[in-house]
Structure formats: C-alpha cells, structure tokens
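Below: the structure, in structure tokens.
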Ligand SMILES: NC(=O)c1ccc[n+]([C@@H]2O[C@H](COP(=O)([O-])OP(=O)(O)OC[C@H]3O[C@@H](n4cnc5c(N)ncnc54)[C@H](OP(=O)(O)O)[C@@H]3O)[C@@H](O)[C@H]2O)c1
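Pasting the structure below:
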C-alpha cells in the first residue's frame, strides 16, 4: 500500500511516497481505509527538526500524520463488531498518511455521525483550542489578546469562547483582516500596530510563535502575561508560559457532537490528492491560513 514517509530531517521536499506492506488485522485492532488527512504546521516542523514538539515522533523512518478520517474495513475479534463499515476519525501517532491504518487503541477511534464529513473530522483542531480556553477560564485577566486569530486553532478557540465576558482583541496580519471578518463578523480584529493601549491585566495568547510580534504587543499593555502554544522556552517575555494539549477521548467525542450540531464549524481550505502531499504542505506553509489544508486518498 502507498504511504508517505519521513526518512530524514531535511524537510518537506525529502518526504517520499513508498509502497509498504498493508498492516495485518490482530484480535485487538481494526483496519481503517483512510480517506482524508490534515496538513498542519506540526507536520513540516517535525520533518525538519526532531525537537520541534514535545511529542516523541522522532524515530525514523516513519509514516507521517497523526489523525485522519476513513472507513473501518476489518474488525478484530476482541473489538466491537459494529465498527465494521463505520466512518471514523482515527488518532494514530504511528502515522495516518497510508492507505490503511491499524488502530489498536479503542480510545483513539471515533465513529462519525452522518452529519460530520470526513473532511470536517480530519480538519478538527479543537483539542489545543480547548486547552487554551481552560487556561483563559482559570485566568484573572481583564483583557485577552489572541495572535494568529485567523489560524485554525485561533478561530476554533474563538468559536469555543462564544459568550466570553472578557474583551477579546484578535490580532492578525493585514492580509488576513478581511478573511477574519468573514469568519468572525462580531469581533473586531487588529493588526499589531493598530491595537489600542490596554490597561489592567492582559493575557496575550499566542498561536504564531514570533517573539518580536509578542514584544510589540506587550508594549500596548500595562500588565501583560504571555502564554504560547508554539514557543516552548521562555524568550524573556513577561509571565511566560508554554502550554500544550493532552489527548482526551471525551473531549473528542464532544467535539464530534458539536460538529454534528453545528456548534463547531469546520475550518477547511483546499484538498490535495495524496500524490501531491509535498505540494499540499508547501501550500499550507507558504500561504495565509484560510482553514485546514487536507490531503485525500
Ligand atoms: N502546543 C500544542 O499543543 C500545539 C498543538 C497543535 C499545534 N500547535 C502549534 O500551533 C500553531 C498554530 O497552528 P494552526 O494549525 O492553527 O496554524 P495555521 O492555521 O497555519 O495558522 C498560522 C498562523 O500564524 C500566522 N503567522 C504566520 N507567520 C506570521 C508572521 N510572520 N506574522 C504574524 N502572523 C504570522 C498566520 O497568519 P496569516 O494567515 O495571516 O499568514 C496564521 O494566523 C502552530 O505553530 C502549531 O505547530 C501547538
């Protein structure tokens, strides 16, 4: 079967499409025929830097990707037989960019209701957004600034913050102001130099990871704290914290339910065929964020 493999840390252009053996069904597993997988910044970071994230995905060669949507085509004898022929979202740190994935952990397999497409499930990025929301809920800040507010995680967070009482100041690049307005017409976005001077405690939430941008934003505040999901080590910013999501199966079940009811709106950009995975990653990396770029089998 076809798989997209990372064999070194030379970046996107050294990914290879290889023919590897199809995983064999075991009593405790199910086999998922993959349909749609997402492209995220974490992919190209991991392809060029083994210390890019705090996940342990540095052992090479490896099949890229950790989540995707597909159809269960084989079910092991110890697994729920109703899974056969179900569309599912599968989380698989051993790789999802392959025609078939063997899933052994029942907590990492989520049947999809008819109302949730494979694309919407593959694009789901709500776990990190929820981690940020929980951080906001526990904060005593008077104001919130969100960098990269048009990013997939930024817009997902803003969906989760619907009804938030603290004033929110979304910060985007000039090129993304119009797109942000189409996504969040009830919020005013600012470029970093347009941001008004904020008094009181301000929590700056960062989805971009550019220290200079954060330093500029700090100058617009009187009492700032910076929390980033990108910068792992404190670069000398006030009250700096790095936070990352811990996988929680109940959260995923809730997100899928919220996608089905429309409470969460999927953020989807273009879909590329699997043979164009490198092109898909370049496109996602080199254009402004307009939803999740997807790759389809
Ligand atoms: N800590 C965790 O647990 C965790 C988990 C998953 C992901 N992440 C990280 O979270 C980050 C966001 O992920 P995502 O999928 O939401 O990303 P995304 O949709 O690709 O968005 C990236 C954002 O960064 C902005 N940006 C890029 N270059 C910029 C610059 N020079 N100046 C200002 N803004 C700039 C983009 O603005 P434009 O669109 O205007 O270019 C966009 O808003 C990634 O770095 C990812 O690795 C962290």
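In the working numbering, the protein residues as written are 1092 to 1388.
The beta carbon of each residue, even a glycine, is placed where N, CA and C say it ideally should be.
Cβ contact check for the segment 1270–1280 and the segment 1234–1244: 3 or more pairs under 8 Å: yes
So who's on the other strand from residue 1112, going by DSSP bridges? The count along the chain shown starts at 1 and reaches residue 1112 at position 21. Bridge partners of residue 1112: none, in fact.
Please output, in chain order, the residues near ligand 1 using a CB cut-off of less than 5 Å to any non-hydrogen atom of the ligand. 1131, 1132, 1133, 1219, 1239, 1241, 1242, 1243, 1244, 1264, 1267, 1298, 1299, 1320, 1321, 1335, 1336, 1379, 1380
Count the other C-beta atoms from every protein chain shown that fall within 10 angstroms of the C-beta of residue 1106, then say buried if there are 16 or more, exposed otherwise. Residue mapping note: residue 1106 aligns to position 15 of the chain shown, counting from 1. Buried: at least 16 other Cβ atoms inside 10 Å.
So what's residue 1297 in DSSP terms, helix, strand or just coil? Position 206 of the chain shown, counted from the first residue, corresponds to residue 1297. Reduced to three states, the DSSP call for residue 1297 is strand.
Whose C-alpha, out of 1363, 1312, 1372, is nearest the C-alpha of residue 1232? The residue labelled residue 1232 in the question sits at position 141 within the chain shown. Residue 1312 is the option with its Cα nearest to residue 1232.
Taking only three categories from DSSP, how would you classify residue 1292? For the purposes of this step, residue 1292 is taken as the residue at position 201 of the chain shown. If DSSP states are grouped into helix, strand and coil, residue 1292 belongs with the strands.
Counterpart residues of residue 1125 in DSSP-defined beta bridges: By 1-based counting over the chain shown, the position of residue 1125 is 34. 1161, per the DSSP bridge assignment.
From 1212, 1137, 1172, pick the residue whose C-alpha is nearest to that of residue 1356; which is it? In the chain shown, the residue the question calls residue 1356 occupies position 265. Looking at the Cα atoms, 1212 is the closest of the given residues.
As assigned by DSSP and simplified to three states, the class of residue 1375: The residue given as residue 1375 occupies position 284 in the chain shown. DSSP places residue 1375 in helix when its eight states are reduced to three.
When the Cα of residue 1390 is compared with those of 1367, 1381, 1376, 1380, which residue comes out closest? Shown here, the chain extends from 1092 to 1388; a query on residue 1390 therefore has no answer.
Going along the chain, which unbroken runs of the alpha helix (DSSP H) with 4 or more residues stay wholly within the segment 1259–1334? 1268–1274, 1302–1309
Output the distance between the C-alpha atoms of residue 1140 and residue 1104, rounded to the nearest integer angstrom. For this step, residue 1140 is matched to residue 49 along the chain shown. For this step, residue 1104 is matched to residue 13 along the chain shown. Those two C-alpha atoms are separated by around 14 Å.
Taking the beta carbon of residue 1318 as the centre, do at least 16 other beta carbons fall within 10 Å, making it buried, or is it exposed? Working through the chain shown from its first residue, we reach residue 1318 at position 227. Its Cβ being crowded by 16 or more others within 10 Å, residue 1318 is buried.
Report the CB separation of residue 1166 from residue 1123 in whole angstroms; it is logged as a contact under 8 Å. Translated into positions along the chain shown, residue 1166 becomes position 75. Translated into positions along the chain shown, residue 1123 becomes position 32. Contact doesn't hold; Cβ gap of about 10 Å is too wide.
DSSP three-state label for residue 1363, please. Taking the first residue of the chain shown as position 1, residue 1363 is located at position 272. DSSP places residue 1363 in strand when its eight states are reduced to three.
Between which two residues does the beta strand (DSSP E) holding residue 1194 run? One-based indexing of the chain shown puts residue 1194 at position 103. Looking at the DSSP string, the run of the beta strand (DSSP E) that includes residue 1194 is 1191–1194.
Determine the direct distance from the alpha carbon of residue 1378 to that of residue 1290, and round the result to whole angstroms. To locate residue 1290, count along the chain shown from 1; it is residue 199. To locate residue 1378, count along the chain shown from 1; it is residue 287. Each residue's Cα considered, the two are about 34 Å apart.
Do residue 1264 and residue 1336 have their CB atoms nearer than 7 Å? Start at 1 with the first residue of the chain shown, and residue 1264 comes out as number 173. Start at 1 with the first residue of the chain shown, and residue 1336 comes out as number 245. For residue 1264 and residue 1336, no; Cβs fall outside 7 Å.
Within the same chain, show all residues whose beta-carbon is closer than 7 Å to that of residue 1207, passing over the 5 residues directly before and after it, in chain order. For the purposes of this step, residue 1207 is identified with residue 116 of the chain shown, where counting begins at 1. The answer, listed in chain order, is 1347, 1350, 1351.
At 4 residues or longer, and completely inside the segment 1168–1224: list those alpha helix (DSSP H) runs for me, N to C. 1209–1213
Strictly by DSSP, which residues pair up with residue 1095? Position 4 of the chain shown, counted from the first residue, corresponds to residue 1095. For residue 1095, which the question treats as bridged, DSSP gives the partners 1108.
Do the CB positions of residue 1300 and residue 1322 come within less than 7 Å of each other? Here residue 1300 is taken as the residue at index 209 of the chain shown, counted from 1. Here residue 1322 is taken as the residue at index 231 of the chain shown, counted from 1. Yes, Cβ-Cβ distance for residue 1300 and residue 1322 is below 7 Å.
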